[in-house]
Each structure stands twice: as C-alpha cells, then as structure tokens.
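For reference, the structure is listed below as structure tokens.
There are 2 protein chains.
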Amino acid sequence: MSKQAESACCAGITALDAARADDLAAQFKALGDPVRLRLLSMIAARDEVCVCELTPAFDLSQPTISHHLKLLRQAALIDSERRGTWVYYRVVPGALDRLAAFLAT
Amino acid sequence: MSKQAESACCAGITALDAARADDLAAQFKALGDPVRLRLLSMIAARDEVCVCELTPAFDLSQPTISHHLKLLRQAALIDSERRGTWVYYRVVPGALDRLAAFLAT
DNA sequence: GCCCTGAATCGAGGGGTGTCAATATAGAAG
DNA sequence: CTTCTATATTGACACCCCTCGATTCAGGGC
Numbered sequence: 000m001s002k003q004a005e006s007a008c009c010a011g012i013t014a015l016d017a018a019r020a021d022d023l024a025a026q027f028k029a030l031g032d033p034v035r036l037r038l039l040s041m042i043a044a045r046d047e048v049c050v051c052e053l054t055p056a057f058d059l060s061q062p063t064i065s066h067h068l069k070l071l072r073q074a075a076l077i078d079s080e081r082r083g084t085w086v087y088y089r090v091v092p093g094a095l096d097r098l099a100a101f102l103a104t
Numbered sequence: 000m001s002k003q004a005e006s007a008c009c010a011g012i013t014a015l016d017a018a019r020a021d022d023l024a025a026q027f028k029a030l031g032d033p034v035r036l037r038l039l040s041m042i043a044a045r046d047e048v049c050v051c052e053l054t055p056a057f058d059l060s061q062p063t064i065s066h067h068l069k070l071l072r073q074a075a076l077i078d079s080e081r082r083g084t085w086v087y088y089r090v091v092p093g094a095l096d097r098l099a100a101f102l103a104t
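Those protein sequence lines, which keep their order, are chains S and F. First residue of the first sequence: 0, per numbering that gives the first Met the number 0; consecutive thereafter. First residue of the second sequence: 0, per numbering that gives the first Met the number 0; consecutive thereafter.
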C-alpha cells in the first residue's frame, strides 16, 4: 500500500496487512527468548503456577524473571493474579492457539 | 536443572529443556518483526516468490529487505535459489508446522 | 506498630537490532 | 569487455533488550 509496486503481478500477495502484522509480531517477539519460552512452557503445563516455583528454576536473578513475566503479560500471552503473598500466573486462553492457527495457514 | 529448586514441587514443570528452548526461540525471534512476518506471509502464499516482487511492497530500502530475508533464512524458515539474475524464496517445508505444533501443545 | 518474605520497579551497563547510503557481487545483454 | 540490472554486503547510527544490584511495594505474622 505504498508505491507503484502492486502492478498486477503482486496484487494478491499482501496476505497480511500491516496492522495485523504488528499485532502478531509483538506476540512472536515475546516468544523469541529462551527464558520466556521456558517460562511459558512451565506455566502452560499447569492451570496455574506460582512465581515462587518459576524463579528458582533458572540461574537468573529474581528481577530478571519478573521482567520476562512482565513482557509475556504485556504481550497478552499470560495473566497474573495475586493471592495473599504469592502471585500466580496462567496462560491467556486461546492466545497460543491463535498464533498456531496463523502459522498453520 | 540448576539449583536446589526442583525439590519435588516443580520437578515435572520443566517441560522444555534449555537446548530446545534456544532452538525454538531463535525461530520465534525471526518472526518477531512486522516486516519479516509480512515477508514470510507473502512467500508462504505461493510456492515461490521473486525478491523483485517483495522489495517494492514495502516503504523500506532494498538492503533492509535483503537483511530481513537473510534473518529468515538463517532461522531456517525460508530458503533461496538463484535463477539467472533473479533470486527466488520459498518457505522451508514443515518449518512453520513445527512451530505451530509446539504452540498447540 | 514493626519486621519478614515474596514480587515488582528502578537505573545502569553491555550487547544486539533495524535502518540507511554506499559499495560490491552475480549474471545477462550488448 | 563493458554496461546494465538485480541482490547482497558493509559500515555507521540510533534505538532497544537482557541482565544485574539496589530499592520499593504488598501482605502476613509477631
């Protein structure tokens, strides 16, 4: 949607509009780190996981884990809930399936 | 697999080993950019796409598009073949399905 | 109230990333 | 061989990201 380019030859190729690409890319970007992938995997393995179980599973500082969880949360991949002293994380329902559906196209 | 952490409570949570996480994260990282996502989408929409069709579809310089294609290639998501003056790109068979399968777990 | 623990935020440092203009390379055509 | 076109590479710049130590915030228990 920019230049003189879409001259018949590639009119139909633009399968993904820029807005949706921004949206999806932001979520894939959140998955683009080994630590976050493992965190997500650990959370997805259960209904709910306490941060106190996630943090000691890595050789990283507590603030670093908290930072990665924040990025996953901002990407709308996980959600958190505080209960007393502890905070529990869970996967946002359907979030991963939406990405999987895009890749399977 | 690091600390004193896996004390019964979270022994089974480590669903993803570090090596495989590195592998998958590298591919998701390549998807974590709107331009690359659109490039991949355009390539996946056909069996084969010439660079000369991809470059003019963006408001970006030719070297920038070439750079993004290189990153997608290094992530083993796409493959290229030169035929005469032109270079054609195609999606590596099964690459996207592998990622989709992980997300659908 | 005070302290203790779990988790988030702040600020800084080192490395990585997206973009460009300029240049180099590959192949075809004259 | 020379020239032209299509891609790739290089070098530079601004910006972003991962990590840490230090600090702050939230709740529970004394």
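The beta carbon of each residue, even a glycine, is placed where N, CA and C say it ideally should be. No experiment lies behind these values; they were computed from the predicted model shown.
Restricting attention to S/Phe27, S/Leu23, S/Asp58, the CA atom closest to the CA of F/Ala24 is found in S/Phe27. Within chain S, the C-beta atoms nearer than 7 Å to that of F/Pro33 come from Ala17, Ala20, Asp21, Ala24, in chain order. For F/Arg89 against F/Asp96, the beta-carbon gap comes to about 15 Å, at or over 8 Å, which does not count as contact.
Note that the C-beta distance between F/Ala43 and F/Leu70 is not below 9 Å. For S/Val50, the enclosing alpha helix (DSSP H) starts and ends at 50-53. A residue is called buried once 16 or more other Cβ atoms fall within 10 Å of its Cβ, and F/Leu76 is buried on that count. In the three-state reduction of the DSSP assignment, S/Ser79 falls in the strand class.
Of the candidates S/Ser65, S/Thr54, S/Ala20, S/Gln73, the residue whose Cα lies closest to the Cα of F/Leu39 is S/Ala20. At a cut-off of 9 Å between C-beta atoms, F/Lys69 does not count as an interface residue with respect to chain S. If you draw a 10 Å sphere on the C-beta of F/Asp58, you find fewer than 16 other C-beta atoms in it, and that means exposed.
Residue nearest to F/His66 within the set F/Asp16, F/Ala17, F/Asp32, F/Leu102 is F/Asp32 (criterion: CA-CA distance). Residue environment analysis places F/Glu52 among the buried positions, since at least 16 neighbouring C-beta atoms fall within 10 angstroms of its C-beta. Neighbourhood of F/Leu36 in chain S, by CB distance below 8 Å: Leu15, Ala20, Leu23, Ala24, Phe27, in chain order. F/Arg89: member of the beta strand (DSSP E) spanning 85-90, first to last residue.
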